[in-house]
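Participant:
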Amino acid sequence: MQAEDEAPPKLILMSATAESTIYAKYFGSSQVNIVNIEGRMHDVEKIYLDDLSPELSRRLQPQITCEKRTNKWSDISQEQIKPGVTRTQLKAVAELISDLDRKEDAARMPRGAVLIFLPGVADINAMIRCFDGAQESKLNLIALHSKIPLDEQDRAFRRTPSGKRKVIVATNIAESSITVPDIRYVIDFCLTKNQVVDRDSGFASYQVEFCSRASCDQRAGRAGRVQNGIVYRLLMRKDYHALPEFSEPEILRSPVDITILKIKKFGLTKPKEVLDQFIDPPRREDVARAIVKLKEVQALQLEHKGKVDLDDGELTIMGAVMASLPLDVRLSKLILMGFAFGCFEECVKMAACMSVDDLLIPSRDPMERYKNRLRWASDHYSDALLLMNAFDEYLRHKESYGPTNSDLRIVRKFAEFNKLELRRLIEASYLYEELKMRLSRIGFSKPDGPNRKQRDPKLQAFLIKVALCGAFYPHYYVQKDIDFDRIRESVGQNNPLTTMVIRNMPPNGPLYCQAIRAELQECLCDELEFKFKGSDTFLLFKTDNIAQVPLSAYLCQKYYTIHKKIELPRISPEQAKHLLEQIERNEDGSAELKDGIKVVTVAQEVHDQLLKLRKAPLPSQAHFRASISWWNEQNAFQLYIHLDERKSQLNNLEREIENQFPRGTLPKSIEPKVGMIVFALYKGSLCRAQITTALLNAITVFFIDYGNSLIVKEVYAIPLSMVLCTNEAPFAYEAQLAKVQSYDGKPVKPIPFQKLQLNKPCRVELYSVVDHVLRVDIFVELNDEEIHINDKLRYDRIAILLDEPTISTESHKLDVNTENGLESINLDHYSVRGEVYLDQNEYHLDTEVIGAPFSPLAKNCCLDTLKRSHHVKDIYIVEQSVNKVMFGDTGVQRRFVVAHSERLSVDKQVQLLRTTLMPKLNMMLPFVALVFSPRAEYRCNDDSTAYIGAICGLGGQDNENGVIESVCPESDVEVPFSHELTRNDVKIINRIRTLLNEAFCGNNRMLEWTSVPILRIQDKLIQEITKFFNNSNRQSLTPAENRNKLQHRFQWSKAFKKYDAKDQSNLRQALFRPHCTTPIRTKQMFKLLTQMYDFMEAAKGVNQMQIMMCPICIKVFGNRHDARLHMEESEHRAKYARLKGESDDEKDVE
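Using this note's numbering, you'd call the opening residue of the sequence shown number 541 and step up by one each time.
1) List in chain order: all unbroken beta strand (DSSP E) runs of 3+ residues lying wholly within the segment 1384-1461.
2) What number of angstroms, rounded off, separates the C-alpha of Leu1260 from the C-alpha of Pro1207?
3) With distances taken between CB atoms, is the gap from Asn874 to Ala891 smaller than 9 Å?
4) For Ala1238, which residues of its own chain have a beta-carbon under 8 Å away from its beta-carbon, when the five flanking residues on both sides are left out?
5) Can we say the segment 1382-1401 touches the segment 998-1018, given the rule of at least three CB pairs closer than 8 Å?
6) Buried or exposed: Arg1043, going by 16 or more other Cβ atoms within 10 Å of its Cβ?
7) Of all the options Trp1171, Asp1245 and Leu553, which has the alpha carbon lying nearest to the alpha carbon of Ile1291?
8) For Asn1530, count neighbouring C-beta atoms within 10 Å of its own C-beta (all shown protein chains included) and say buried if the count is 16 or more, exposed if not.
9) Within this structure, are the beta carbons of Ile708 and Ile637 separated by less than 9 Å?
10) Using the Cα positions of Asp1684 and Tyr1100, report the straight-line distance between them to the nearest angstrom.
11) Between which two residues does the beta strand (DSSP E) holding Arg1303 run?
12) Determine the DSSP secondary structure at Val837, reduced to helix, strand or coil.
13) With 16 as the cutoff for other CB atoms within 10 Å, does Met877 come out buried or exposed?
14) Within 8 Å, do at least three Cβ pairs link the segment 756-767 to the segment 827-834?
15) Could you check how far apart the C-beta atoms of Asp1084 and Pro1287 are, in whole angstroms? I think they sit under 8 Å.
16) Which value, in whole angstroms, describes the spacing of the CA atoms of Met649 and Arg642?
17) In terms of residues, what are the limits of the beta strand (DSSP E) holding Phe1219?
18) Just list the alpha helix (DSSP H) runs in the segment 670-701, keeping only unbroken ones of 4 residues or longer that don't cross its boundaries, in chain order.
19) Drop a sphere of 10 angstroms on the beta-carbon of Gly1428, count the other beta-carbons inside from all chains shown, and report buried for 16 or more, exposed for fewer.
20) For the alpha helix (DSSP H) containing Cys756, name the first residue and the last one.
21) Applying the 10 Å Cβ sphere with the 16-neighbour rule, what's the burial state of Glu1132?
22) When the distance is taken between beta carbons, is Leu815 closer than 9 Å to Val796?
23) Just to confirm my understanding: we take Val720, look at its own chain, exclude 5 residues before and 5 after, and list those with CB closer than 6 Å. What are they?
24) Using a 10 Å radius around the Cβ and a threshold of 16 neighbouring Cβ atoms, would you call Gln1297 buried or exposed?
25) List the endpoints of the continuous beta strand (DSSP E) containing Leu1068.
26) Quick check on the DSSP output: what are the complete alpha helix (DSSP H) runs of length 4 or more inside the segment 1011-1076, in order along the chain?
27) In the DSSP assignment, find the beta strand (DSSP E) that holds Ala1166 and state where it starts and stops.
28) How big is the Cα-Cα spacing for His1666 and Arg1660?
29) Run through the DSSP bridge pairs and tell me what Gln1115 is partnered with.
30) Taking 8 Å as the line, does the beta carbon of Cys670 fall inside it for any heavy atom of the ligand ATP?
31) Can you give the beta carbon distance from Phe671 to Leu684, rounded, assuming they're within the 8 Å contact cut?
32) For Arg1479, write down the residues that DSSP places opposite it in a beta bridge.
33) What do you reckon, are the CB atoms on Glu790 and Asn734 nearer than 9 Å?
34) Quick check on DSSP: helix, strand or coil for Val951?
35) Glu512: buried (16+ other C-beta within 10 angstroms of its C-beta) or exposed?
36) Mind checking which residues open and close the alpha helix (DSSP H) that includes Met1463?
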């Protein structure tokens, strides 16, 4: 402005409450004139809670909670006051307005308008609903806030019909922006809602706070415009005078990163210098941290004027979008990542929900609270998906009823029934609609195209988690290594993922099975077996996937973490002897129980029949022929097979049934009891089955010879005269497909191709046997071609490649060391016994207390950061997260969590908030880190044949002494690899980054997106992601290679290329530039290099006759002299340099 005119511009600032001396000092007292204009105001009476009746004053008291916090730079513990509005307050305000009616009627005064100040939209709606029908008919209720359309805001200025009172319920928009002339009464809750930044985590959220006295005076002035007025301040007089005189400047309490983006959006440079000129400048360290954060999320270009600059950077397209949204920048990036990966609406919902407080009502019972979170998380173990699922259910319920008042009561009942905070749901709903509106204005909406098929839910959930990784980079926290041998020993050589342990069990453990079940009733939702060894009791849960932790294990571990105990009856030796005789004596006649006995739940009267069935023998070879008898209808990776070597025995059993009961004849029906082996009808034929549940006219049976389950009305006894049916082992072998799983690790329904293979011959390769389940590869014949079903599921994007669980790998190692590969596995190690229920009152038993069951995997699960800045601090997940209970893993591929924010606790531990547990996929952590990091540098193995690690961050640069140093050490991330990364993998990662550039940059910097191009990009992204995770050629890293990586932790070896400041190419403007790599050699190149070293050694020494050949030029020489001359030739030297990689400068891998 000064540049345009010779005369200096005049700036006029007007305010009724601002502190004028601050502005005068800022602009220079000699150049500022202060003019005070006395307004003609009518008298306004100020009434506090002290002035009201004790009962009404009590009900109008604000809700105040205190939360102890510590800042990140001191040890001082602070109390953060959190005020709020209660329903009791709102009802009391409604009664206060009714009291005004009575006073005005007594004084024969006309109805005066009332203005109520509340902090948020949800509070406004709750206030309006508090007026009953009779009172509402006498009122003209008007909501006033920023989301109300202008035509509806005009209702506040219209005259109210005679006999009615205008009641305006407003946010602070009516404090200064809008003036309603006929206000007589103001009811001020003295609250406001501000966007604040958490000093510890840097995360922004909207918080309800007490407003300043200046704001309260401004609100009181609404009542004295045209007549005398009254203001009711819902605080005690002493509490009101304790409020700050002026509000804290927004620049000091809001996220600085948003301010920096707005500065860049206005075309200003050097944000630090601009912010230093503010009246209340933010702290320099806050500004520096915000700029680094903006560069991490690609809101600002890393380079400025041709070099890396941590004080400035050009605004990117992402930054322009972030500046236009009322969100934290990471939540804005979540929406952008959702747009790229095809989960746009889901990410908008998650961003809206994460901008408000927790949607779930905190229950006093920690077990109920945890169960509620697990239910809404829906097996995804993600706080973000938990919020989205709850919000989706609320939107569906809301749309099914409509917006009438009666329907709102139904929605309230829905929220109460599901333990959800209705006001926060409403607040999230308003923000969701506002975000969609703002995004549509700049060209963002859900892409749609012709004939688009709905994406598989499993793949969609996986892509949402990838988007979360992109939004919250680099908040990745990896599980620390766990000693598999020690864990396996602590769970009695059982599967650590499905086994819980109870220590210090009293003697004669099987007598306590029913008591344990009764104590853990709220935790048990999976099939359970017991196993005893000394004073240890092992709870073995049945699951469809040996690599997954069953839900019951999570609940039992939560039960353990809240320090709950188990009360068991104390049984004397005499009572134990009597009770053991009721079960069964051991073969030696003693009543003592031996170690290693497993107990399954069966009825006492049927266990004799179970004992008659032989044990199913394992296949005699690791490669065998079979046929598929059944696929699990809910799990494409679980099936039952028939062995060809036992097929004749199965035919004999079927003939025995046909001969005994020709079609149309049935044996005697019997009363069903769980665990019994019976006959049941399947497609008109009798088959052997075991009863799994027995309800009235609904008996669920499992056909032990075929593998399927069915609900029947009747079951039939198996005559003892049928030798095969009462003795032969079950013919259906449970199997699971090896080395594959769905994208999110959850079951998925079989594809039609799998069902077509029922009862057809197949070839089976047995990998291992775990928990009596065969881990297999299945091959079938189709059109004279052998199809590998495991690979076909990967090809059809139903499954993805995954390393076998450690327990399966260890079992496989044992198998291959035996002659036929199977002798080390023995399924006859357990005895089946009944469980005795003990009536404590009948036996007059005392009680003794033991610890609850726990998992060594969960107990030893600790998190480690990848960042340099937090390397020595303890890290844990907050209690409110669904991942507070987490199980470690013993494989080479460690799982990790993505945290939306982090803060420092009072005891100096890093707290992770709103976490997501990522699926266990090979190289998942390196993949997301390399895809979303601004810069990365790969580390090679000693042979330079593969990449074995990487460092991610803002890159390296030359210092004044020419030494390579980190641009920003606090942002560096050391990424561990579990497998070698090939050059092809690097190309895939760079292609994905290029596709992301196309999604957001294209060929220009205009915010223009259409459905067809972005849909094409989304399809290509899925193809590249699938290629990466289905790469089966990677080699696991050895412990020695992992140790070598420690020598270079957090060290950059190269300074990154500086781009010309005048360069306007797409590469310089790109948000995700292709990562530069050190050239690596193939194994053939390494072999050739070794031969070249041998050739060079052979050419040394005295000239003499010796036949030798140059391996890279393929030339033969008769003596050493000619060989040495050849090595001096330029052509040879160029080839040798290329082989060693010395001639290749830093290049992008496209």
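Backbone N, C-alpha and C define an ideal beta-carbon position, used for all residues, glycine too. The model shown is predicted, which means the values in this text are computed figures rather than measured ones.
Facilitator: So, from the data block:
1) If we require 3 residues or more, the beta strand (DSSP E) runs fully inside the segment 1384-1461 come out as 1386-1391, 1403-1405, 1415-1417, 1436-1444 and 1450-1457.
2) Straight across, the Cα-Cα distance linking Leu1260 with Pro1207 is about 12 Å.
3) The residue you asked about is not Asn; residue 874 is Leu in the sequence shown. For Leu874 and Ala891, yes; Cβs fall inside 9 Å.
4) The beta carbon of Ala1238 lies closer than 8 Å to those of Ile1251 and Lys1253 in the same chain, with the five residues before and after it left out.
5) Between the segment 1382-1401 and the segment 998-1018, the count of C-beta pairs closer than 8 Å stays below three; the two stretches do not touch.
6) The residue is exposed, with fewer than 16 neighbouring Cβ atoms inside 10 Å.
7) If we check each option's Cα against that of Ile1291, Trp1171 comes out closest.
8) Its Cβ being crowded by 16 or more others within 10 Å, Asn1530 is buried.
9) Not in contact: Ile708 and Ile637 (Cβ atoms no closer than 9 Å).
10) Residue confidence for Asp1684 is low, a pLDDT of 40 falling below 50, so the modelled location carries little weight and cannot support an answer.
11) Note, Arg1303: beta strand (DSSP E), Pro1301 to Val1310.
12) Here Val837 sits in coil by DSSP.
13) Note on Met877: 16 or more other CB atoms within 10 angstroms of its CB, so buried under the neighbour-count rule.
14) Cβ pair count under 8 Å is below three, so no.
15) 6 Å between Cβ atoms; contact.
16) Within the model, the alpha-carbon separation for Met649 versus Arg642 is close to 10 Å.
17) First-last of the beta strand (DSSP E) with Phe1219: Ile1217 to Tyr1222.
18) Counting whole runs of 4 or more residues, the segment 670-701 contains the alpha helix (DSSP H) stretches 673-676 and 690-693.
19) Burial state of Gly1428 is buried, judged by a 10 Å Cβ sphere holding 16 or more other Cβ atoms.
20) For Cys756, the enclosing alpha helix (DSSP H) begins and ends at Arg753 to Ala760.
21) Confidence in Glu1132 is poor, its pLDDT being 47 and thus under 50, which makes the residue's placement unreliable; the coordinate value appears in the next sentence. Exposed, by the Cβ-count rule.
22) Here Val796 is near Leu815, since their CB atoms are less than 9 Å apart.
23) For Val720, where only same-chain residues beyond five positions count, the Cβ hits under 6 Å are Ala696.
24) The residue is buried, with at least 16 neighbouring Cβ atoms inside 10 Å.
25) Taken as a continuous stretch (DSSP letters only), the beta strand (DSSP E) holding Leu1068 covers Leu1068 to Lys1073.
26) If we require 4 residues or more, the alpha helix (DSSP H) runs fully inside the segment 1011-1076 come out as 1024-1030 and 1053-1059.
27) Annotation for Ala1166: the continuous beta strand (DSSP E) segment containing it runs His1163 to Trp1171.
28) Distance between the alpha carbons of His1666 and Arg1660 is about 10 Å.
29) The beta-bridge partner set that DSSP reports for Gln1115 is empty.
30) The model on display carries no ligand, and the ligand ATP is accordingly not part of it.
31) For a cut-off of 8 Å, the C-beta gap from Phe671 to Leu684 is around 16 Å, too long to register as a contact.
32) Note: Arg1479 sits in a beta bridge opposite Gly1489.
33) In this structure, Asn734 lies closer than 9 Å to Glu790 by Cβ.
34) Of the three classes helix, strand and coil, the one that applies to Val951 here is helix, per DSSP.
35) It is not possible to answer for residue 512, since the shown part of the chain is limited to 541 through 1690.
36) Where Met1463 is concerned, there is no enclosing alpha helix (DSSP H), given that its DSSP letter is neither H nor E.
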